[in-house]
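Visitor:
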Amino acid sequence: MIWAMFAEAWHAMGANRLRTFLTMLGMVIGVGAVILMLSIGQGTQQRIQDSINSMGANLFIILSGSNVAGGVRGGSGNVPTLTLQDAQALAELPAIAAVAPVSPGQAQMVYGPNNWNTTVMGTTADFLKVRDWPLKEGDTFSELDLRSATRVAIIGKTVAENLFGDENPVGKTMRIRNSPFLVIGVLASKGQSLDGRDQDDTVLVPVTTAQRKLFGTRFAGTVRYIMVEAKSAELMARAENQMNDLLRQRHRINRPEDDDFTVRNLTALADTAADTARTMSLMLGAIASVSLVVGGIGIMNIMLVSVTERTREIGIRMAIGARRRDVLGQFLLEAVLISLIGCLIGVLFGVGGGLLASHLAGLSVIISAGPIILAFAVAAAIGIFFGFYPARMAANLKPIEALRYQ
Amino acid sequence: MSATDVIRITHLGKDYDTDAGPVTVLRGISFSIHEGEFVAIMGPSGSGKSTLMNILGCLDTPTSGEYVLNGHSVSELDHDQLANLRNRVIGFVFQGFNLLQRATLTENVALPLVYRGVARHERNAKAESLLGKVGLASHVRSYPNKISGGQQQRVAIARSLVGDPRLILADEPTGNLDTHTSQEIMDFFTRLNREDGITVVVVTHEHDIAAYAQRLIRLVDGKIAYDGPAAAGLHEHAEVSS
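Chains as they are written, first to last, in our numbering: chain G, 0 to 405; chain Z, 75 to 316.
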């Protein structure tokens, strides 16, 4: 019975191939668009997520804020108010996992015939922990390096490539602002940051070395900013309060509006970016779904025409014993078949288009089973939904009127 | 009612609603047809014979009166039960053959069995054997538009027989056929009636077709004008018209 119905539906679809093809085309385009959009959306989301992860998790950055002198408030960062001692005190807080003070500067560096200019960051060994940034080879700074401000450096991949080429930089001596620095480690590659900067184009030195030997400052012992990692996402709010309290106490500030520092929650920013990407992806999918609905309407349209055209056939079938549900099933099956075959072709086009987009346009595309299964479920639902009305119309024909129809 | 009544109608009436108001087509007809009878229904056009045939075939419903088919009171049955009666009790033969053009002869003949849920090979075997019986064994894979009208009507007869019906209803079965082919078809009905004991009811307006039947029912203006042996009825009518 089932096979007979499939055969009937197949016959009926083959009877008017061009029309069946054009009807399917609606579904092909709809499903193809949905799959392509969801794949691109997911790819973009994944790329943003990767960038966020490359920044480090549960991250705060504390910037030195404005100072207040005689009621005149300066802008953010105009006076470095944060010190190494602040960083050490913050590290004692219970909600905090790691703290890395950063004292950055721009410097020219030389190795052999090559030279390069990049950001040199004075920091501590915890920087690697905070940023979740493993070493590719070599070692990080020791306590001794920090205490005695030794001239050692950890370099990023881009710097290693530009200065050392194919040589292994570890153990070599390079010059930063003409002072010799021993390269003790190379960072693993992290790629682009959220704002498109090359994160691998950097050099790390002990913060004390940066302060005393590279970038002398008028404010001895200060750092530009402090990066802080909370112990967990749940502890972010508590960590923020603890840090604010501690720093106000240390800086002898009574009112929060006089704060000479700013605590920024970087993870919140990143979450916003991820949310935006998710929304975009959903919106693209929603727009593409409209074409799926239009495809469904196309199926309904053709099925209505088909029922009218085949009224006499329906009459003959009823006269020799077809029940209403036989006629209903026949037309419903035809609609669902058109829809599902269209969906299958659409999935092929969507996946193909996705691969093409990733190869030719360099878009991040993730093709996963989820949207494909969803597409088939939706296509079947559309076939049933838009096929039901015409099929019921066919089933409710009166046998004698259907037979007389010319 | 007698146990061998295949059809029994009592005071059957049928009105149609038209734009010009209700039109009465059948005015209280009563008769019974026993198992194994060969009945011809005649009458001028507009006499209601096609309407009567459609009601007998459960394709249309009467406005009044009772129709008992094979022991079932038709007015009490729902759509599915009516479909089941059409499928199992009645075999239909139409003037215009009414074959599905897209299906092969075998598929056409086997179609009633599809709705009984009979397996494909079983259906096709039975359909092909019936096509052989009506002399079309070499055409089983052909399509209806490749064969002659007489052949198409034989396919339709094979289709009407595939479900082993007790009753064949033929509505002007020879209306589209030449004299020679018409005789072939009527001979076939006669054999079915005599050899297999199938009840045959033929609607026709041709005397020589009606002459194949044993019993004649003549309708005039929605009423029965004659119900009796075919030979006498045809003779009487010939005298009246001459």
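Glycine residues also receive a C-beta, built at the ideal position from the N, C-alpha and C atoms.
Is it buried or exposed, ALA318(G), if we count other Cβ atoms within 10 angstroms and call 16 or more buried?
Guide: Counting Cβ neighbours within 10 Å, ALA318(G) comes out buried, since at least 16 surround it.
Visitor: Would you please verify whether the beta carbon of LEU133(Z) is less than 8 Å from any beta carbon of chain G?
Guide: So, interface residue.
Visitor: In the DSSP output, what is GLN191(G) paired with across the bridge?
Guide: GLN191(G) is bridged to ASP197(G).
Visitor: Can you give the Cα-Cα distance for ALA86(G) and VAL206(G), rounded to whole angstroms?
Guide: Going from the Cα of ALA86(G) to the Cα of VAL206(G) covers about 12 Å.
Visitor: Tell me, to the nearest whole angstrom, how far the beta carbon of ALA190(G) is from that of SER357(G); I am working on the premise that it is less than 8 Å.
Guide: Looking at the sequence provided, one finds Gly at residue 190(G) rather than Ala. The Cβ separation is near 17 Å, so there is no contact.
Visitor: Confirm, please, whether the CB-CB distance from VAL119(G) to ILE175(G) is below 8 Å.
Guide: Taking 8 Å as the Cβ cut-off, ILE175(G) and VAL119(G) qualify as a contacting pair.
Visitor: So, for MET127(Z): in the same chain, excluding its five sequence neighbours on each side, which residues have a beta-carbon less than 8 Å away from its beta-carbon?
Guide: Cβ within range, chain order: ILE115, LEU243, ASP245, VAL275, VAL277.
Visitor: Does any residue of chain G bring its CB to less than 8 Å from the CB of ASN198(Z)?
Guide: So, not an interface residue.
Visitor: Leaving out five residues before and five after THR139(G) in sequence, what residues of the same chain have Cβ atoms less than 8 Å from its Cβ?
Guide: Around THR139(G): ALA124, LEU127, ILE153, ILE183, GLY184.
Visitor: Report the start-end ranges of each beta strand (DSSP E) in the segment 108-174 of chain G that is 3 residues or longer and not cut off at the edges.
Guide: The qualifying runs are 113-122, 134-137, 151-154.
Visitor: Is it buried or exposed, ASP325(G), if we count other Cβ atoms within 10 angstroms and call 16 or more buried?
Guide: By the neighbour-count rule (16 or more Cβ atoms within 10 Å), ASP325(G) is buried.
Visitor: Mind reading off the beta-carbon distance from GLU196(Z) to THR180(Z)? Whole number of angstroms is fine, and I expect it under 8 Å.
Guide: Between THR180(Z) and GLU196(Z) the Cβ distance is about 12 Å, and since that is not below 8 Å, they are no contact.
Visitor: Rounded to whole angstroms, what is the Cα-Cα separation between LEU265(G) and ALA99(G)?
Guide: Going from the Cα of LEU265(G) to the Cα of ALA99(G) covers about 15 Å.
Visitor: Helix or strand or just coil, what does DSSP make of MET75(Z)?
Guide: Bear in mind that a pLDDT of 44 at MET75(Z), under 50, signals an unreliable position, so the number given afterwards is only what the model happens to contain. Reduced to three states, the DSSP call for MET75(Z) is coil.
Visitor: Measure from the alpha carbon of THR111(G) to the alpha carbon of each residue in ILE95(G), GLY164(G), MET392(G), then state which is nearest.
Guide: Before going further, note that residue 111(G) is Gly rather than Thr in the sequence given. Of ILE95(G), GLY164(G), MET392(G), the residue nearest in Cα terms is GLY164(G).
Visitor: If you run the structure through DSSP and keep just helix, strand and coil, what is SER316(Z)?
Guide: Its pLDDT being 42, under 50, SER316(Z) is placed unreliably in this model, and the coordinates cannot settle the point.
Visitor: Which chain Z residues are close to ARG323(G), counting only those with a beta carbon under 9 Å from its beta carbon?
Guide: Near ARG323(G) (Cβ distances below 9 Å), the residues of chain Z are HIS153, ASP154, ALA157.
Visitor: On the CB-based measure, 16 or more other CB atoms within 10 Å of its CB, does GLY296(Z) come out buried or exposed?
Guide: Classification of GLY296(Z): buried, given that the 10 Å Cβ count is 16 or more.
Visitor: Pair every Cβ in the segment 96-106 of chain Z with every Cβ in the segment 294-310 of chain Z, then say whether three or more of these pairs are closer than 8 Å.
Guide: Because the criterion of three Cβ pairs below 8 Å is met, the segment 96-106 of chain Z and the segment 294-310 of chain Z touch.
Visitor: Does the beta carbon of LEU17(G) sit closer than 8 Å to a beta carbon anywhere in chain Z?
Guide: With 8 Å as the cut-off, LEU17(G) does not count as an interface residue toward chain Z.
Visitor: Would LEU402(G) count as contacting chain Z if we go by Cβ distances under 8 Å?
Guide: Interface residue, yes.
Visitor: Please report how far the alpha carbon of SER316(Z) lies from the alpha carbon of GLN225(Z), in whole angstroms.
Guide: Reliability of the predicted coordinates at SER316(Z) is poor, the pLDDT of 42 falling under 50, and no value is obtained from them.
Visitor: Distance cutoff 8 Å, beta carbons only. Does PRO186(Z) sit that close to anything in chain G?
Guide: Closer than 8 Å to some Cβ of chain G, the Cβ of PRO186(Z) qualifies, so yes.
Visitor: Less than 8 Å between the CB atoms is what I'm expecting for LEU186(G) and GLY155(G), so what's the real figure, rounded?
Guide: Between GLY155(G) and LEU186(G) the Cβ distance is about 5 Å, and since that is below 8 Å, they are a contact.
Visitor: Note down the Cα distance separating MET75(Z) from SER147(Z), rounded to an integer number of angstroms.
Guide: Bear in mind that a pLDDT of 44 at MET75(Z), under 50, signals an unreliable position, so the number given afterwards is only what the model happens to contain. Answer to the nearest angstrom: the Cα atoms are 12 Å apart.
Visitor: Can you name the residues of chain G whose CB is closer than 9 Å to the CB of ARG233(Z)?
Guide: Result: ILE319.
Visitor: Would you mind sorting PHE5(G) into buried or exposed? The rule is 16 or more other CB atoms within 10 Å of its CB.
Guide: Label assigned to PHE5(G): exposed.
Visitor: Between which two residues does the alpha helix (DSSP H) holding SER178(G) run?
Guide: It is not in any alpha helix (DSSP H) - SER178(G) instead sits in the beta strand (DSSP E) that spans 178-186.
Visitor: So, GLY349(G) versus ILE34(G), is the Cβ gap smaller than 8 Å?
Guide: It is a contact, given that the beta carbons lie within the stated cut-off.
Visitor: Would you mind sorting MET282(G) into buried or exposed? The rule is 16 or more other CB atoms within 10 Å of its CB.
Guide: It is exposed - the Cβ of MET282(G) has fewer than 16 other Cβ atoms within 10 Å.
Visitor: GLU333(G) and ASN57(G) look like a contact to me (Cβ under 8 Å); what is the Cβ gap, rounded to whole Å?
Guide: Wrong, their Cβ atoms sit about 56 Å apart, outside the cutoff.
Visitor: Can you list, in chain order, the residues of its chain with a C-beta nearer than 8 Å to that of THR80(G)? Leave out the 5 residues immediately preceding and following it.
Guide: The residues are SER63, GLY64, ASN66, THR221, HIS250, ASP259, PHE260.
Visitor: By a C-beta neighbour count over all protein chains shown, 10 Å radius and 16 as the cutoff for buried, is VAL289(G) buried or exposed?
Guide: Looking at its Cβ environment, which holds fewer than 16 other Cβ atoms inside 10 Å, VAL289(G) is exposed.
Visitor: Residues of the segment 162-176 of chain Z in Cβ contact with chain G at a cutoff of 9 Å, in chain order, please.
Guide: Within the segment 162-176 of chain Z, the qualifying residues are ARG162, ILE164, GLY165, PHE166, PHE168, ASN172, LEU173, LEU174, GLN175, ARG176.
Visitor: Can you tell me where the alpha helix (DSSP H) holding ARG240(Z) begins and where it ends?
Guide: Element bounds for ARG240(Z): n/a, residue is neither H nor E.
Visitor: Tell me the rounded alpha-carbon separation between PHE180(G) and THR172(G).
Guide: Those two C-alpha atoms are separated by around 5 Å.
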